Amino acid sequence: MNDSSWGAPPQAGYWGPSEQGPVQGAAPAGPAYDAHNAQQTRPMPIVPDVPAHGGDQDDDRGAARLSGPLFRDDTPSAGSLGTSSQKPQEPMPSPVPQPAPAPQKKSAGRDLGAAIGVGVGLGAVIVASLFVVKAVFVGVIAVAVVVGLWELTSRLEERKGIKAPLVPLAVGGAAMVVSGYVRGAEGAWVAMALTALAVLVWRMTEPPEGYLKDVTAGVFAAFYVPFLATFVAMMLTADDGPRRVLTFLLLTVVSDTGAYAIGWRFGKHKLAPRISPGKTREGLFGAVTFAMVGGALCMQYLIEDGTWWQGLILGFAVAATATLGDLGESMIKRDLGIKDMGTLLPGHGGIMDRLDSLLPTAPVVWLLLVLFVGSG
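For the sequence shown, position 368 (counting from the first letter as 1) is numbered 752 according to our numbering, and the numbering increases by one without interruption.
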């Protein structure tokens, strides 16, 4: 191997074998080496001769003496730098130990004052409309559905570029709630089918690019928000409808409260860290316990012909569906890269952030109440 491939890198002014200028002691290049070429050629600096040591390894040591270590972390050896000019390296002073940071108090993660105030206000509006005139409460459901659809479609367009048509969804969603109250499950299904058809036709007025994803999102939104909310209106049609709806709302709120309180105080084991890192198994246990106790009390004292053991089953089902609904919307928000669906309710987020547990719970409560005490 050529010796030029080992040792120190070339010094400044070295042009390589193909561009090397005249070497000291060599014969003149003749007429081909004229003044013009001399002006364009930089002179080679004179490098002092290095005694030969023999072998490639010795050549590396000689290069190290001229240019120093190739890397900052290299430790020069005694044979390469000599023994008289180097001083022993002074030891680094040991770092001064820093005091441990003070433990931080566990935070609830939201403004509890605003959350409680908004919750009490919403509860007052719901209870007042529920027990005064049933039709007013149906209107409250329809308004919540329309606002929830607006939040969901807005976030889909902002974060994913999906344009689910809001106008047919809003009109069809309100009609779905009213149809469920007036005509029951049959009316709800017919309104759902007509809303899906309206979404497909409405989207045809725009260019075909993205048609499939837009109408798919629209049909999903129609099922997820207004159709599931229709079961709340269907509960209201029974003779004790206001008390059934109140039981549904109380158990869902109690389940969420139990999960929040127990999970915040005792939560250590994550329930679904990839979906919702804040939820814990201890919180789920709190949700089930609170909901089952609340269900036993509600079925015994609020629902006609209801018994406490039916309330235990109802409470367990509410805790399960409310948790799954919360995780489902957390999955949607994580896919969209957002924390809340909106900012309409201080301390809560948007309407959809409050409907996440209610929507999937409504059909389960409606079905169990029909099985336990009938639909009248």
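Backbone N, C-alpha and C fix where the C-beta goes; we use that ideal spot for every residue, glycine too.
These figures come from a predicted structure and were not determined experimentally.
Residue interval of the beta strand (DSSP E) (run including residue i)
i	result
LYS544	Premise fails: LYS544 lies in the alpha helix (DSSP H), 518 to 544, not in any beta strand (DSSP E).
C-alpha gap between residue i and residue j, whole angstroms
i	j	result
GLY564	PHE611	9 angstroms
CYS682	GLU688	10 angstroms
GLY753	GLY695	In the sequence under discussion, the amino acid at residue 753 is Leu, which differs from the Gly named in the question. Looking at the two C-alpha atoms, the distance is approximately 10 angstroms.
SER639	ASP710	11 angstroms
VAL511	ALA548	33 angstroms
GLY758	PRO552	34 angstroms
VAL522	TYR685	25 angstroms
GLY625	GLY733	29 angstroms
PRO747	ALA613	8 angstroms
LEU739	LYS723	15 angstroms
ILE525	GLY594	31 angstroms
MET588	ILE546	15 angstroms
LYS717	MET725	7 angstroms
THR745	GLY760	20 angstroms
ALA704	GLU590	41 angstroms
GLU542	TRP692	47 angstroms
ARG649	ILE500	18 angstroms
MET779	VAL504	Nothing about residue 779 can be reported from this structure: the residues present for the chain run from 385 to 760 only.
ALA569	MET618	7 angstroms
LEU506	PRO661	28 angstroms
THR641	ILE697	19 angstroms
VAL616	ALA680	20 angstroms
VAL516	PHE669	36 angstroms
VAL377	VAL509	The question about residue 377 has no answer, for the chain in this structure spans 385 to 760.
PRO657	ARG539	23 angstroms
LEU755	PRO592	46 angstroms
ASP623	LYS518	11 angstroms
VAL562	LEU729	25 angstroms
VAL672	ASP719	28 angstroms
Spatial neighbours of residue i in its chain, beta-carbon cut-off 7 angstroms, leaving aside the 5 residues before and after
i	result
THR664	GLY647, GLY651, LYS652, HIS653, LYS654 and LEU655
ALA580	VAL603 and ALA606
MET560	ALA572, ALA575, MET576, THR579, PRO610, PHE611 and THR614
ALA701	VAL748 and LEU752
ALA558	ALA526, VAL529 and VAL530
ARG627	LEU686 and ILE687
GLY678	LEU634, LEU635, VAL638 and GLY699
GLY532	VAL609, ILE735, MET736 and LEU739
ARG567	none
Residue interval of the alpha helix (DSSP H) (run including residue i)
i	result
PRO626	625 to 650
LYS547	Looking at the DSSP string, LYS547 is not in any alpha helix (DSSP H), and its letter there is neither H nor E.
TRP605	Residue identity check: residue 605 is Ala in the sequence provided, not Trp. Its alpha helix (DSSP H) spans residues 595 to 606.
MET619	612 to 620
Residue(s) in a DSSP beta bridge with residue i
i	result
SER660	ALA656
Proximity test, Cβ basis, 8 angstroms: residue i and chain B
i	result
VAL609	Looking at the structure shown, chain B is missing, and only one protein chain is on hand.
Cβ-based neighbour list, residue i, same chain, cut-off 8 angstroms, excluding 5 preceding and 5 following
i	result
VAL583	ALA548, PRO549, PRO552, LEU553, GLY556, VAL599, GLY602, VAL603 and ALA606
THR727	GLY733 and GLY734
TYR608	LEU536 and LEU743
LEU708	PRO744
GLY721	ARG543
VAL629	LEU514, PHE521, VAL616, MET619 and LEU620
TRP534	LEU550 and ALA554
Any non-hydrogen atom of the ligand SAM closer than 7 angstroms to residue i Cβ
i	result
VAL566	In the structure on display, the ligand SAM does not appear, and there are no ligands present to speak of.
Own chain residues within Cβ distance below 6 angstroms of residue i, not counting five before or after
i	result
ILE659	LEU711, SER714 and MET715
GLY667	ALA643, ILE646, GLY647 and GLY651
ALA706	THR636, SER639, SER741 and THR745
ALA675	LEU635, VAL638, SER639, GLY699, VAL702 and ALA703
PHE632	VAL749
PRO432	Residue placement at PRO432 cannot be trusted, given a pLDDT of 47 that sits under 50; what the coordinates show is reported in the next sentence. Nothing listed; no residue qualifies.
GLY690	MET683 and VAL757
LYS597	ILE546
GLN424	Per-residue confidence for GLN424 stands at a pLDDT of 45, beneath the threshold of 50, marking its modelled position as unreliable; no derived number is given.
| field | Segments of 4+ residues assigned as alpha helix (DSSP H) that fall wholly inside the stretch 679 to 758 | value | 692 to 720, 735 to 739 and 742 to 757, all fully within the stretch 679 to 758.
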